[in-house]
Amino acid sequence: DTAVSQTPKYLVTQMGNDKSIKCEQNLGHDTMYWYKQDSKKFLKIMFSYNNKELIINETVPNRFSPKSPDKAHLNLHINSLELGDSAVYFCASSQDPKETQYFGPGTRLLVL
Amino acid sequence: AQKVTQAQTEISVVEKEDVTLDCVYETRDTTYYLFWYKQPPSGELVFLIRRNSFDEQNEISGRYSWNFQKSTSSFNFTITASQVVDSAVYFCALSDRDNAGNNRKLIWGLGTSLAVNP
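See the structure below:
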């Protein structure tokens, strides 16, 4: 019974390709997030949705587009992948923005 | 501006030693929340503790304890009798409102990498 799941776990692709990462939570939470963790382990929030509404949109290239079809899902689509996009992408969820965030296992993206 | 500082980049101890991981934060908000997360070598982010700004009681959970002091804006984490399985990167984070006073987000420290050697 995984609380926050992400697919795929690993993604190896060529520069210029388009890829998507999917996230699902079964915790009944209203808020979901995407984070990027770089090779130095620095965690940076990218997007946050509350009840399917975008509430946080950090300075992220337009090539990144989140989509929340319902409260339990938050997907991340990346266009025209670049070498610098290589990182671990974490999805998380919380009951609301002040509550504890629970993280998915991460998606390790490698752009060649 | 909101900020979380974990001054110790790496710590190495021998098993059974006690170790304290420091966390200092900056915020203008009177209501905020502090967190610790663990990231073991397997890579997942594991929630350890959440504290709100009105609760300065120290917390103990097994070998883990947390010392929250508003006067020094610190939220330190101590592992007693460390074990090899404690080896991980530990992150301190602050939930704070953005500059417009609206949405909350987590401000993360850079993490402390703890190596516990047998």
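So the protein lines, in turn, are chains H and W. The opening residue of the first sequence carries number 78 in our numbering; numbering runs sequentially from there. The opening residue of the second sequence carries number -7 in our numbering; numbering runs sequentially from there. The beta carbon of each residue, even a glycine, is placed where N, CA and C say it ideally should be. Please read these numbers as outputs of a predicted model, since none were measured by experiment.
With a 10 Å radius around its C-beta and 16 neighbouring C-beta atoms as the bar for buried, classify residue i as buried or exposed.
i	result
Ile52 of chain W	exposed
Asn109 of chain W	exposed
Ser74 of chain W	buried
Phe27 of chain W	buried
Asp147 of chain H	exposed
Ser116 of chain H	exposed
Leu153 of chain H	buried
Gln61 of chain W	exposed
Could you name the residues of chain W that residue i contacts, counting a contact when the two beta carbons are closer than 9 Å?
i	result
Gly183 of chain H	Gly35, Glu36 and Leu37
For residue i, list the residues DSSP reports as bridge partners.
i	result
Asp88 of chain W	W:Lys97
Phe27 of chain W	W:Arg42 and W:Ala85
Gln102 of chain H	H:Val81
Pro143 of chain H	H:Leu153
I want to verify the contact list: residues of chain H whose CB lies under 7 Å from the CB of residue i, in sequence order.
i	result
Leu98 of chain W	Ile122 and Gln178
Ser87 of chain W	Lys175
So with CB distances below 8 Å, who are the chain W contacts of residue i?
i	result
Ser125 of chain H	Asn95 and Lys97
Cβ of residue i less than 8 Å from any chain C Cβ?
i	result
Lys118 of chain H	Given the protein chain composition of this structure (H and W), no chain C is represented.
Along chain H, in chain order, which residues have C-beta atoms closer than 9 Å to that of residue i?
i	result
Phe27 of chain W	Thr177 and Gln178
How close, in whole Å, do the beta carbons of residue i and residue j come, if the pair is a contact with beta carbons under 8 Å?
i	j	result
Asn95 of chain W	Pro174 of chain H	6 Å
Exercise. At a Cβ cut of 7 Å, what residues of the stretch 30 to 57 of chain W count as close to chain H, listed as they run along the chain?
Worked result: Those residues of the stretch 30 to 57 of chain W placed with their C-beta closer than 7 Å to a C-beta in chain H are Gly35, Glu36, Leu37, Phe39 and Arg42, ordered along the chain.
Exercise. Name the residues in the stretch 137 to 159 of chain H whose C-beta lies less than 9 Å from a C-beta of chain W; which are they?
Worked result: Answer in chain order: no residues at all.
Exercise. Can you list, in chain order, the residues of the stretch 60 to 83 of chain W whose Cβ is nearer than 9 Å to any Cβ on chain H?
Worked result: Those would be Val81 and Phe83, in chain order.
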